[in-house]
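In what follows, a structure is listed as structure tokens, so that the remarks can point back to it.
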Amino acid sequence: MNKRAMRRGLTGFWWLTVVFLYLPLAVVVLFSFNASNSAARITGFSLRWYHQLLGNEQIMSAFSNTLILAVISSLIALVIGCMIGYGMYRHRHRKLGWLIILIYLPIVLPDIVFGISEMAFFVQFHRLTGMLQPGLTTMIIAHVTFQIPFVALIIYSRFVGLDPSLFEAAKDLYASPVKRVVHFMLPTIKPALISAFFLSFTLSVDDFVISFFTSGPESATLPIYIWGAIKKGISPEINAIATLMISAVALAAVFSLMFNRRRA
Amino acid sequence: MSNSNTLAVGRSQAMVREARHLLFTVTPGAAWIVLFLVLPSVYLMAVAFMTNGPYGLPQMPLSLESFKQLAGFGFLGWSPGNIYTLLRSLWQTFLATALVVIVAYPIAYYISTCRDKWRPLMLLAVVVPSWTNQVIRAFGWMNLLAPGTPLSGFAEMLGMIPPNMGLYPSNFAVTLGLAYNFLPFMVLPLYAAFEKLDTAQVEAAQDLYASPIKAFWHAVFPQTLPGLLAGVVLVAIPAFGMYVIPELLGGGKGLMLGNLVATQFSGGSNWPLGAAGAILMLIATFIGLFAMRRIGKRLGGGEEVVI
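Protein sequences appear in the order of chains F and W.
Counting from 1, one number per residue, gives the positions in the first sequence under the UniProt record's numbering.
Counting from 1, one number per residue, gives the positions in the second sequence under the UniProt record's numbering.
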């Protein structure tokens, strides 16, 4: 009896927490369809904020900046992180403490310290050499920096999970290292490559602080645009953009669920 | 003789090849991080010891001026503003972490007791909100807590806040926002700990007539400790350096150290002061990490603590 009551209490607490987790997102979605521009009262259903989005050039450029930044930085991080992950695996018998510290540094460093160091560095570098003006390039560099560790750790743990004799077998089968990479290594770590790419992509789209401090006037991403709009005073359009971003996340969640089901 | 010689040559060639392999695979990434993170951080540290120039850019005479400013000494004598900001950061971090532990503990336990096929879905449900950009999530809370909303009305009715003020901006909104933001980071490691919980110990405790509280304290809690400590590291350290949530939900009186630092680089234009703040933040972060490690080792969590 007592146990059952506790069980019921836990179930209730679980659903309460779910409401807590989704309430702020639900409010944003709800108000994106609001007919009036009130942030407190729903007056009717309308799609006018979505129509306004399409006509807003700043938002469209912020959208494309977000995508370009996420794709390019993830691809660069994938190549570099993959190499480092393999290097860590192959040479795991050596003392690689310095490398581990280096790889954990971007993860441990508080976002804000990360962001302002990059900003201070890029601003001074630009003043001295005229290169690397704050903009998409500097943002890509900064994003790659925080993506590398995650890619490296995912790839490394995939290699560790493999049977070491596979590497011997591959050595016997394929003479050249290039063939070994193409026919053995890349296919075996494909799932890790895919998840590393998606993690990097999500980290990039999700990031605000580091982007904010490394961006230039022309390279605002969606989070930066939203931030600016909030600071200027709440505009109902924000709800519409935010809803689109939330939908993208929901879609990703469904995909990851399907992916997990298929593997199970 | 010649045989062992060729062997030695072969082995040294192999060693050279291995070293070259290590160099080839590791150099691009290591160089990237050194060039674009270590170097900028070192530069930032140096900035803290420079003087503030007319345009907020650091200038050459080295000084400890920025640290004095950080401690509160300005043109108008000493003011406690920055000290308050530091204390507020520590207090908010503590509150948010405690809140997250209180919520995450039963949730993680509950998930671990549900049916196998539901667990991945439940974990996903906990994690998915954190995939949304943190600016959007803070914006959602702004909408919920603004004056005139049902939640604010309810708080007014209970007499918790003066009329027409709303729950945001306030320190309370910051605590709530932080707890919301970091809840998944506590649930996941705790769940991992609960999942491999050795229930035999709990049964043994019950067989020996331990009260539920004693059974929990001696049989369950020590087993979940590594997960708990990992969660505290994952929550408290980023919470301490948080910028977005205090800036959006806190208003002028809810700012934390991250905001103090950021302002010096955007509006305030005092790079050395900002850099000094960043150093303070790093010191606090590393003290926190170190303390967690020590606690983990002493209480027997030992090797399993992630960092």
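Virtual Cβ for every residue (Gly too), placed ideally from N, Cα, C.
This one's a predicted model, so the numbers in the text were calculated from it and none came from an experiment.
- DSSP, reduced to helix, strand and coil, places GLY53 of chain W outside both helices and strands of the structure shown, so it counts as coil.
- Taking 9 Å as the cut-off, the Cβ atoms of MET139 of chain F and SER247 of chain F do not count as close.
- Measuring C-alpha to C-alpha distances from ALA96 of chain W to each of W:LEU289, W:TYR191, W:MET242 and W:THR263 identifies W:MET242 as the nearest.
- By the criterion of a C-beta distance shorter than 6 Å, PRO223 of chain F is surrounded in its chain by PHE208, once the five residues flanking it on both sides are discounted.
- Counting C-beta pairs with one atom in each stretch, the region 271 to 279 of chain W and the region 56 to 66 of chain W have three or more that are closer than 8 Å, which means they touch.
- 9 Å or more divides the Cβ of PHE159 of chain F from the Cβ of LEU37 of chain W.
- When Cβ-Cβ separations below 9 Å define contact, GLU156 of chain W makes no contact with chain F.
- Straight-line spacing of the CA atoms in VAL244 of chain W and THR85 of chain W works out to 15 Å.
- Of all alpha-carbon atoms in W:GLN92, W:ARG293 and W:GLN59, the one lying nearest the alpha-carbon of ALA48 of chain W is that of W:GLN59.
- Counting only runs that start and end inside the region 193 to 247 of chain F, the alpha helix (DSSP H) elements of at least 4 residues fall at 209 to 214 and 222 to 232.
- Restricting attention to alpha helix (DSSP H) runs no shorter than 4 residues, the region 146 to 173 of chain F encloses them at 165 to 173, ordered along the chain.
- Within the region 68 to 129 of chain W, complete alpha helix (DSSP H) segments of at least 4 residues are found at 81 to 113 and 119 to 127, given in chain order.
- In the three-state reduction of the DSSP assignment, GLN13 of chain W falls in the helix class, which pools H, G and I.
- Pairing LEU69 of chain F with THR221 of chain F gives a Cβ-Cβ distance under 9 Å.
- Interface with chain F (9 Å Cβ-Cβ cutoff): GLN92 of chain W is excluded.
- Considering only F:ILE230, F:TYR225, F:PHE167 and F:SER32, the residue with the shortest C-alpha distance to TYR89 of chain F is F:PHE167.
- For PRO106 of chain F, the closest alpha carbon among the candidates F:GLY85, F:PHE150 and F:VAL79 is that of F:PHE150.
- The alpha carbon of VAL128 of chain W has as its nearest neighbour, out of W:LEU167, W:LEU39 and W:LEU183, the alpha carbon of W:LEU183.
- The C-beta of MET142 of chain W comes closer than 9 Å to at least one C-beta of chain F.
- Excluding its 5 nearest sequence neighbours in each direction, PRO246 of chain W has C-beta neighbours in its own chain below 6 Å: VAL174, GLY254, LEU255, MET256 and ASN259, listed in chain order.
- Of all C-beta pairs linking the region 224 to 238 of chain F to the region 131 to 138 of chain W, three or more are shorter than 8 Å, placing the two stretches in contact.
- Within chain W, no C-beta atom comes less than 9 Å from the C-beta of ASP172 of chain F; the nearest is roughly 17 Å away.
- Taken through DSSP and simplified to helix, strand or coil, PHE33 of chain F comes out as coil.
- For TRP271 of chain W, the enclosing alpha helix (DSSP H) has its first and last residue at 271 to 298.
- Any Cβ of chain W closer than 9 Å to the Cβ of MET83 of chain F would place that residue at the interface, and such an atom is present.
- For LEU25 of chain F, the CB contacts under 8 Å within the same chain, skipping 5 residues up- and downstream, are ILE246 in chain order.
- Secondary structure of PRO147 of chain W (DSSP, three-state): coil.
- Our two residues, SER165 of chain F and ILE189 of chain F, have alpha carbons roughly 16 Å apart in a direct line.
- Residue burial annotation: GLN58 of chain F is exposed, with fewer than 16 other C-beta atoms found within 10 angstroms of its C-beta.
- For the pair SER112 of chain W and GLU203 of chain W, the CB atoms are not nearer than the 9 Å cut-off.
- Apart from the 5 residues on each side of it in sequence, LEU234 of chain W sits with its Cβ closer than 6 Å to the Cβ of PHE185 in its chain, given in chain order.
- Here TYR156 of chain F is not near GLY216 of chain F, since their CB atoms are 9 Å or more apart.
- Looking at the backbone, the Cα of GLY233 of chain F and that of VAL261 of chain W are separated by about 24 Å.
- Two segments are said to touch when three or more pairs of C-beta atoms, one from each, lie closer than 8 Å; by this definition the region 149 to 159 of chain W does not touch the region 203 to 215 of chain W.
- Using beta-carbon distances, ALA210 of chain W does not count as an interface residue toward chain F, since no partner is under 9 Å.
- Residues of chain F whose Cβ lies closer than 9 Å to the Cβ of ALA125 of chain W are, in chain order, VAL18, LEU21, TYR22 and ALA253.
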